[in-house]
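Numbering (the working numbering), first residue to last: -8 to 277.
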């Protein structure tokens, strides 16, 4: 009788353990939004992983002189590209370029196709919600170009006219909030500039920093509105939560600024396009 009671007690304890375990493991699922899960996810593109694989994937433009484009020799060049190569050098890894347009920069990060974006990425509150920006390395504002024989010199002159923009740009975001302006949107820089040349719009709006370069090569056009809206900043962007790469990039930008790298980058990549009218201090942060 005693043996039977002892056996029943043991079986009861075992059953209780099974029930408690099932309840715990059945109802306690890993929280994919927790700090631990987020850290594990961000580490996929963190500094240690980049060094382990031996290369960094950098998203850049492919059709935007003088910031990121492919020259006649088939080599990627430009202000952002020059910075990208220096980042890879300081990480002691190789570089793989991922070509993007303005509209898919965020998606390229979020889908883990790139580790960092260096594609003339302007910092905005909306973008801060979906990516992490490092320290800025350049200042810009929105400008507007138009034909010399039909110049647009004020925002008021845009009322009722077609304004060409690239999707996903600061210019699109700014003018979408201005009443009376009809936006004609394109997916790439090449498409938007071709549209202007073909007379599909009265003017084109984009970051003034490369509109100056474009009109120098296309003298039939003029930067009628040199600056409109608030001044903004261009910065590297990493995937939201990638604290490792964000911290390293912030340190890198600080170091490069102190050593005068960005002035050197300006003289090499931008000065030949901007000419004497634009000074390094108009673009470069110190």
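The beta-carbon is built from N, C-alpha and C at its ideal position, and this holds for glycine as well.
Since we're looking at a predicted model, the values are computed, not measured.
Euclidean distance between Cα positions of residue i and residue j
i: residue 43; j: residue 80; result: 15 Å
i: residue 167; j: residue 196; result: 12 Å
i: residue 123; j: residue 65; result: 31 Å
i: residue 265; j: residue 154; result: 24 Å
i: residue 276; j: residue 142; result: 31 Å
i: residue 269; j: residue 262; result: 8 Å
i: residue 204; j: residue 250; result: 26 Å
i: residue 138; j: residue 217; result: 14 Å
i: residue 231; j: residue 181; result: 29 Å
i: residue 76; j: residue 267; result: 27 Å
i: residue 273; j: residue 134; result: 14 Å
i: residue 260; j: residue 85; result: 21 Å
i: residue 248; j: residue 271; result: 13 Å
i: residue 242; j: residue 128; result: 12 Å
i: residue 119; j: residue 109; result: 15 Å
Cβ-based neighbour list, residue i, same chain, cut-off 7 Å, excluding 5 preceding and 5 following
i: residue 222; result: 130 and 132
i: residue 252; result: 77
i: residue 213; result: 136, 137, 139, 142 and 206
i: residue 72; result: 51 and 59
i: residue 53; result: 59, 60, 61 and 90
i: residue 211; result: 138 and 139
i: residue 192; result: 153, 154, 155, 175 and 186
i: residue 256; result: 70, 73 and 74
Residue j beta carbon less than 8 Å from that of residue i
i: residue 59; j: residue 45; result: no
i: residue 96; j: residue 48; result: no
i: residue 144; j: residue 190; result: no
i: residue 99; j: residue 161; result: no
i: residue 41; j: residue 74; result: no
i: residue 55; j: residue 224; result: no
i: residue 57; j: residue 125; result: no
i: residue 188; j: residue 94; result: no
i: residue 244; j: residue 146; result: no
Helix, strand or coil at residue i [DSSP, three-state]
i: residue 130; result: strand
i: residue 20; result: Only weak support exists for where residue 20 lies, its pLDDT of 35 falling under 50; the value from the coordinates is given anyway. Of the three classes helix, strand and coil, the one that applies to residue 20 here is coil, per DSSP.
i: residue 47; result: strand
i: residue 223; result: strand
i: residue 263; result: helix
i: residue 73; result: helix
i: residue 212; result: strand
i: residue 38; result: helix
i: residue 240; result: helix
i: residue 248; result: helix
i: residue 108; result: strand
Buried or exposed (CB count within 10 angstroms, at least 16 for buried), residue i
i: residue 37; result: buried
i: residue 111; result: buried
i: residue 258; result: exposed
i: residue 101; result: exposed
i: residue 113; result: buried
i: residue 63; result: exposed
i: residue 171; result: exposed
i: residue 121; result: exposed
i: residue 21; result: The predicted position of residue 21 is uncertain, since its pLDDT is 35 and thus under 50; a value taken from the coordinates is nonetheless stated next. So residue 21 counts as exposed.
i: residue 117; result: exposed
i: residue 233; result: buried
Same chain only: Cβ atoms within 8 Å of residue i, ignoring 5 sequence neighbours per side
i: residue 173; result: 151, 152, 153 and 154
i: residue 105; result: 48, 49, 50, 89, 91 and 99
i: residue 156; result: 162, 163, 166, 174, 175, 176, 177, 183, 195, 196 and 197
i: residue 199; result: 131, 132, 133, 134, 214, 217 and 218
i: residue 67; result: 51, 53, 59, 60, 61 and 88
Residue i CB to nearest heavy atom of the ligand NAP below 7 Å
i: residue 38; result: Ligands displayed in this structure: none; no statement on the ligand NAP is therefore possible.
Residues of its chain near residue i, where Cβ-Cβ distance is below 6 Å and the 5 sequence neighbours each way are ignored
i: residue 229; result: 107, 123, 236 and 237
i: residue 239; result: 38
i: residue 148; result: none
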